[in-house]
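A.B. asks:
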Amino acid sequence: MPVYKVSYVVTGSEHPGAIVNRDHAPVVGEQITLGDYTFEVIEVLDLMPPRGEFYYIHATIRLLRAEQEK
Amino acid sequence: MELTNILQKVELFNGLSEDELGDVASICTEKQLHRGEIITSQGAHGDELYIVTEGFVEIILDDSRKEPHKVVVNLGEGQLIGEMSLIDQGPRSATVRAALEPTIVQVIRRDHFEELCDHNNRIGYIVMRNLASDLSFKLRHRNLSEGSR
Numbered sequence: 001m002p003v004y005k006v007s008y009v010v011t012g013s014e015h016p017g018a019i020v021n022r023d024h025a026p027v028v029g030e031q032i033t034l035g036d037y038t039f040e041v042i043e044v045l046d047l048m049p050p051r052g053e054f055y056y057i058h059a060t061i062r063l064l065r066a067e068q069e070k
Numbered sequence: 071m072e073l074t075n076i077l078q079k080v081e082l083f084n085g086l087s088e089d090e091l092g093d094v095a096s097i098c099t100e101k102q103l104h105r106g107e108i109i110t111s112q113g114a115h116g117d118e119l120y121i122v123t124e125g126f127v128e129i130i131l132d133d134s135r136k137e138p139h140k141v142v143v144n145l146g147e148g149q150l151i152g153e154m155s156l157i158d159q160g161p162r163s164a165t166v167r168a169a170l171e172p173t174i175v176q177v178i179r180r181d182h183f184e185e186l187c188d189h190n191n192r193i194g195y196i197v198m199r200n201l202a203s204d205l206s207f208k209l210r211h212r213n214l215s216e217g218s219r
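Protein chains in written order, with this note's numbering: chain A, 1 to 70; chain B, 71 to 219.
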């Protein structure tokens with residue numbers, strides 16, 4: 001089963017971004033959650049060539065909303 | 071889920087056989103953390119590698135000349151913490167704090183890790199190659215992140 005290692009970089013916000021393994025590749029327009037924050041994916045690029053089952057992806061995202069602390 | 075199935079989705083172990091993943095699993099200890107709990111402190115001595123298997127952690131740099139206690143990145147499922155100390159045996163390069171409730175990590179002690187690599191050089195070679203790839207990925211992420219500011 002492929003694993004997508006994703007580098008999320010946030011544009012237009014002080015949020016530091018994240019690196020997370022996902023079971024699917026990010027898609028432009030998709031909403032994703034990182035901790036207490038929800039973002040929209042605005043750009044997706046291959047960061048490094050795939051190796052084995054691992055794919056290395058960069059996604060630029062923008063902040064949509066911050067949730068209350070759970 | 072079995073620990074070997076979890077480890078199979080961690081880049082560090084990409085290329086290991088099922089038996090080898092079992093050997094790695096035998097030196098892992100699970101640790102459950104509360105939100106806000108500190109895992110490692112910048113400057114402290116460290117001889118453990120951590121793998122995030124659930125939740126999120128914040129990587130915090132304290133550069134008092136610039137910005138004290140700045141979160142530089144969040145790391146989620148499948149990511150490594152403490153890999154630099156594992157390689158160079160230097161002090162921890164950052165403070166790491168659990169950012170979600172719960173956050174679960176697998177802990178591998180350096181001496182157990184080195185013993186396993188000495189015993190099975192193939193594991194040592196594959197893990198070291200993957201460790202280099204992980205550091206490269208983090209550097210690329212950092213470059214892109216700084217370029218976006």
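Glycine included, C-beta positions come from ideal geometry on N, C-alpha and C.
Got a sec: which bits of the segment 79-110 of chain B sit with their beta carbon under 7 Å from any beta carbon on chain A, in order along the chain?
C.D. replies: K79, E81, N84 and G85
A.B. asks: What's the C-alpha gap between H24(A) and E53(A)?
C.D. replies: Residue 24(A) sits at position 24 when you count from the first residue of the first sequence. Residue 53(A) sits at position 53 when you count from the first residue of the first sequence. Roughly 12 Å separates the two Cα atoms.
A.B. asks: Which residues in chain B have a C-beta closer than 8 Å to the C-beta of H58(A)? List them in chain order.
C.D. replies: Start at 1 with the first residue of the first sequence, and residue 58(A) comes out as number 58. Going along chain B in sequence order, the residues near H58(A) (Cβ under 8 Å) are R210, H211 and L214.
A.B. asks: Please list, in chain order, the residues of the segment 16-33 of chain A that have any C-beta partner in chain B closer than 7 Å.
C.D. replies: P16, G17, A18, I19, V20 and N21
A.B. asks: Can I151(B) and V122(B) be called in contact, C-beta distance under 9 Å?
C.D. replies: Residue mapping note: residue 151(B) aligns to position 81 of the second sequence, counting from 1. Residue mapping note: residue 122(B) aligns to position 52 of the second sequence, counting from 1. The answer is yes: Cβ separation under 9 Å.
A.B. asks: Give the interface partners of V3(A) over in chain B, defined as CB-CB distance under 9 Å, in chain order.
C.D. replies: In the first sequence, residue 3(A) corresponds to position 3, counting from 1. Near V3(A) (Cβ distances below 9 Å), the residues of chain B are Q78, K79, V80, E81, N84 and G148.
A.B. asks: Between the segment 195-214 of chain B and the segment 150-167 of chain B, do at least 3 Cβ pairs fall closer than 8 Å?
C.D. replies: yes
A.B. asks: Taking Cβ positions only, does N190(B) come closer than 9 Å to chain A?
C.D. replies: Against the second sequence, residue 190(B) aligns to sequence position 120. No, its Cβ sits nowhere closer than 9 Å to a Cβ of chain A.
A.B. asks: Counting contacts by CB-CB distance shorter than 9 Å, is R65(A) in contact with chain B?
C.D. replies: Here residue 65(A) is taken as the residue at index 65 of the first sequence, counted from 1. Taking Cβ atoms only, chain B never reaches closer than 9 Å to R65(A), which makes this a no.
A.B. asks: Taking a cut of 8 Å between CB atoms, which residues from the segment 42-55 of chain A lie near chain B?
C.D. replies: L47, M48, R51, G52, E53 and F54
A.B. asks: Name the residue from E88(B), E124(B), Q78(B) and Q176(B) whose alpha carbon lies nearest to the alpha carbon of R105(B).
C.D. replies: Your numbering for residue 105(B) matches position 35 in the second sequence. Checked all of E88(B), E124(B), Q78(B) and Q176(B); the closest Cα to R105(B) is E124(B).
A.B. asks: On the DSSP bridge list, what partners appear for A66(A)?
C.D. replies: Position 66 of the first sequence, counting from 1, holds the residue named residue 66(A). Looking at the DSSP assignment, A66(A) forms a beta bridge with Y37(A).
A.B. asks: For I108(B), which residues in the same chain have their Cβ closer than 6 Å to its Cβ, ignoring the five residues on either side in sequence?
C.D. replies: Here residue 108(B) corresponds to residue number 38 of the second sequence, with the count starting at 1. Once the five neighbours on either side are set aside, the close Cβ partners of I108(B) are R167.
A.B. asks: Determine the direct distance from the alpha carbon of T11(A) to that of E69(A), and round the result to whole angstroms.
C.D. replies: For the purposes of this step, residue 69(A) is taken as residue 69 along the first sequence, with counting starting at 1. For the purposes of this step, residue 11(A) is taken as residue 11 along the first sequence, with counting starting at 1. In this predicted model, E69(A) has a pLDDT of only 48, less than 50, meaning its place in the structure is not dependable enough to derive any value.
A.B. asks: Let me know the beta strand (DSSP E) ranges lying completely inside the segment 149-215 of chain B, each 3 residues or longer, listed in chain order.
C.D. replies: 165-168 and 173-179
A.B. asks: On the DSSP bridge list, what partners appear for A59(A)?
C.D. replies: Start at 1 with the first residue of the first sequence, and residue 59(A) comes out as number 59. Answer is Y8(A) and V44(A), bridged to A59(A).
A.B. asks: List, in order along the chain, the chain A residues whose C-beta lies closer than 8 Å to that of S218(B)?
C.D. replies: By one-based count along the second sequence, residue 218(B) stands at place 148. Result: V9, V10, T11 and T60.
A.B. asks: Do Q159(B) and D117(B) count as a contact pair if the criterion is CB distance below 9 Å?
C.D. replies: Here residue 117(B) refers to the residue found at position 47 when the second sequence is read from its first residue. Here residue 159(B) refers to the residue found at position 89 when the second sequence is read from its first residue. For D117(B) and Q159(B), yes; Cβs fall inside 9 Å.
A.B. asks: Counting contacts by CB-CB distance shorter than 9 Å, is E153(B) in contact with chain A?
C.D. replies: One-based indexing of the second sequence puts residue 153(B) at position 83. Chain A, which has no Cβ nearer than 9 Å to the Cβ of E153(B), makes this no.
A.B. asks: Which residue wins for smallest C-alpha separation from D188(B), given the options E72(B), N75(B), V94(B) and I76(B)?
C.D. replies: In the second sequence, counting from the first residue as 1, residue 188(B) sits at position 118. For D188(B), the nearest C-alpha among the options comes from V94(B).
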